[in-house]
Amino acid sequence: MSTQHVRDAMVPEPGTLDVAASTQEAGQRLSDPAVRAVLVSDNGRLVGVITRKTLVREVVATGRDPRATSAGEIAEPPLYTIDAALSLDDAFRELEEHDLERVPVVEDGRLVGVLSRSVLQRRLAEDEPPPEESGHPPESGSDPKGLTLGSTEA
10 MSTQHVRDAM VPEPGTLDVA ASTQEAGQRL SDPAVRAVLV SDNGRLVGVI
60 TRKTLVREVV ATGRDPRATS AGEIAEPPLY TIDAALSLDD AFRELEEHDL
110 ERVPVVEDGR LVGVLSRSVL QRRLAEDEPP PEESGHPPES GSDPKGLTLG
160 STEA
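All the letters of the sequence shown, read from the start, carry residue numbers 10 to 163 under my numbering.
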């Protein structure tokens, strides 16, 4: 069981777009294949998320001018956020339960980072003792570090 918290595994200070920025700028950021979504904030508070799908549906398909349409106008409220103080074990269960790959991390209502499931899995695996140290043989369906694959059961 991990004693670490989300703040220990998150990517701090994620890049955000101000609510007043244009959707053209959001589109420029989303043109990078590595960027899946743009987080939109207002004075450090997360107000929404813009994805390629959002941009196409709200700007391109409706004929709106991307230079005159603000990010805040089309940003969709985040479906899920996670608290920086949550334990890594609880965070892993939450991401698995909601089938999330990445989630914004908040602390006192302010955006402080982004947590990815892949980084979280690595951190949890590093925190587990090898099977020979735990005194138990590896279970079938588990990886060499003892993290059960394909299951969120504790």
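From the three backbone atoms N, C-alpha and C, an ideal C-beta is built for every residue, glycine too. No experiment lies behind these values; they were computed from the predicted model shown.
Closer than 8 angstroms: residue i CB and nearest the ligand GTP heavy atom
i      : result
Gly-81 : Absence of the ligand GTP from the depicted structure is noted, as is the absence of any ligand whatsoever, leaving it without description.
Selection from the options that minimises the alpha carbon distance to residue i
i       : options                             : result
Ile-83  : Leu-48, Thr-12, Ser-127 and Ala-18  : Leu-48
Val-121 : Gly-53, Thr-60 and Glu-34           : Gly-53
Ala-77  : Thr-25, Ala-29, Val-15 and Glu-135  : Ala-29
His-107 : Ala-94, Arg-119, Gly-118 and Thr-90 : Thr-90
Thr-32  : Glu-67, Leu-109 and Arg-45          : Glu-67
According to DSSP, residues forming a beta bridge with residue i
i       : result
Arg-111 : Ser-125
Leu-48  : Thr-25 and Val-58
Asp-136 : BP columns for Asp-136 are empty, so no partner.
Chain-order list of residues whose beta-carbon lies under 8 angstroms from that of residue i (same chain, five-residue window excluded)
i       : result
Val-123 : Met-19, Val-20, Pro-23, Leu-48, Arg-111, Val-112, Pro-113 and Val-114
Phe-101 : Arg-126, Leu-129, Gln-130, Leu-133 and Thr-161
Leu-26  : Glu-34, Ala-35, Arg-38, Val-47, Leu-48, Val-49, Ser-50, Ile-59 and Ala-80
Asp-92  : Val-15, Val-114, Val-115 and Glu-116
Asp-17  : Leu-97 and Arg-132
Gly-118 : Arg-54
Extent of the continuous beta strand (DSSP E) to which residue i belongs
i      : result
Gly-57 : 54-60
Asp-99 : Careful: Asp-99 lies outside any beta strand (DSSP E), inside the alpha helix (DSSP H) at 97-106.
Neighbour flag for residue i against chain D, beta carbons, 9 angstroms
i      : result
Thr-71 : Among the chains of the structure shown, chain D does not appear; only one protein chain is present.
Close beta carbons around residue i, own chain, < 6 angstroms, minus the five adjacent residues each side
i       : result
Gln-13  : Leu-97
Pro-86  : Gly-57
Arg-61  : Leu-39
Ala-94  : His-14
His-145 : Residue placement at His-145 cannot be trusted, given a pLDDT of 46 that sits under 50; what the coordinates show is reported in the next sentence. Correct list: empty, nothing qualifies.
Ala-43  : none
Bounding residues of the alpha helix (DSSP H) (the contiguous stretch that carries residue i)
i       : result
Thr-32  : 32-39
Asp-117 : Asp-117 -> no alpha helix (DSSP H), and no H or E assigned at all.
Ala-80  : 80-83
Asp-17  : 15-18
Other residues of its chain near residue i: CB distance less than 7 angstroms, five sequence neighbours each side excluded
i       : result
Leu-109 : Tyr-89 and Arg-126
Pro-75  : Ser-31, Thr-32, Gln-33, Gly-36 and Val-68
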